[in-house]
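Asker:
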Amino acid sequence: MNSIRQKAICDYIEFKQIVTIKELQNLYPSVSLMTIHRDLDALEQSGAIVKIRGGARSVRHNGDPGFEIRLQENNAGKMAMAYKALSMIQPESTVFLDASTTNLMLARVLPDLHLNIFTTGPNIAIELCKLNNPRITLCCGNLNRKTMSLSGQNTLEMLEKINIDLAFIGVSGCTAEAGFTCGTEGDMAVKAMVLRKARTKVLMCDKEKFSRLMPYTFARFSDVDYFISDDAVPESVLAALETAKVTVL
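Everything in the sequence shown is counted per our numbering, starting at 340 for the first residue and increasing by one.
1. Among the residues of its own chain, which have a CB less than 6 Å from the CB of N493, if the five just before and after it don't count?
2. Based on the DSSP secondary-structure assignment, which residues constitute the bridge partners of N483?
3. So what does N455 bridge to, in DSSP terms?
4. CA-CA distance, C468 and I475?
5. If you run the structure through DSSP and keep just helix, strand and coil, what is D569?
6. Would you kindly report the start and end of the unbroken beta strand (DSSP E) that includes R559?
7. Thinking C-beta only, is L495 closer than 8 Å to K536?
8. Whether or not the region 512 to 521 and the region 450 to 458 are in contact is what I'm after, with contact meaning three or more pairs of Cβ atoms, one per stretch, closer than 8 Å; do they touch?
9. For T426, which of helix, strand or coil comes out of DSSP?
10. Indicate the three-state DSSP secondary structure (helix, strand or coil) for G416 in the structure shown.
11. First and last residue of the alpha helix (DSSP H) that includes T440?
12. For Q364, which residues of its own chain have a beta-carbon under 7 Å away from its beta-carbon, when the five flanking residues on both sides are left out?
13. Can you tell me whether DSSP reads D350 as helix, strand or coil?
14. List the residues that DSSP assigns as beta-bridge partners of C521.
15. Over the uninterrupted beta strand (DSSP E) stretch that includes V541, give me the two end residues.
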């Protein structure tokens, strides 16, 4: 029976690419949590899957979808979040925008204010060049062509030296169990560093991300101040945000 269940779990992970422990518990309600963990351990030892915080992923999973793919996902929702974010931006402040497509939308609707803007997104920096007043700094680092983001040791050393009033961070996945997740170790390090440095921390998550669990957790709910979404937040996530006293916009 164990081998049959493990084969079914493996097939499910291959199909979904990434799954949460809670999903597997719902699939096998008569099986204990410990047994599910043992099944995942056995599958990982055989090289069939990779365990991650709060779940497991397929060995063929390649992290975040490419930038061009993400740029086509839920643009109306991302624009709605961008307009919510605008209300938080004050002239003469120092703002950080990570390389998310939601922040690209924010850059497109940003008024021509006197701001200090730091970003790890080359496309975002180019978009901001259409404005006259913001002072724009593109953080140095290694370019991930798939995600169009900069990261690495040089990026972290630069971020360590700056003071950030307001940071807008996009997420690739969000679950109550794993928190806020992303697809690469480099992005994880950058996002975590910015959240440590910023005075006000804003996470932006559209409805498409609530069903995703990515390999790297870069923050827990208690690490942020504001949470912006474009749709109704799932009850499990909303409860975790309320417990952490995060303001939901």
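Every residue, glycine too, gets a C-beta built ideally from N, C-alpha and C.
As the structure is a computational prediction, the values presented were derived from the model and not from experiment.
Answerer: According to the structure data:
1. Answer for N493: C479, G480, listed in chain order.
2. In DSSP, N483 forms a bridge with S488.
3. N455 has T433, R474 as its beta-bridge partners, per DSSP.
4. So the two alpha carbons sit approximately 8 Å from each other.
5. Coil, per DSSP.
6. No beta strand (DSSP E) holds R559; DSSP gives it neither H nor E.
7. No.
8. No: the two stretches stay apart, fewer than three of their Cβ pairs being nearer than 8 Å.
9. This sequence places Ser at residue 426; Thr is not what is there. Residue state for S426 is assigned as coil, using DSSP reduced to three classes.
10. In the three-state reduction of the DSSP assignment, G416 falls in the helix class, which pools H, G and I.
11. Per DSSP, T440 belongs to the alpha helix (DSSP H) from 440 to 448.
12. Correct list, in chain order: L372, I375.
13. Residue state, collapsed to three classes: helix.
14. Residue pairing of C521 in beta bridges, as defined by DSSP: Y555.
15. Note, V541: beta strand (DSSP E), 537 to 543.
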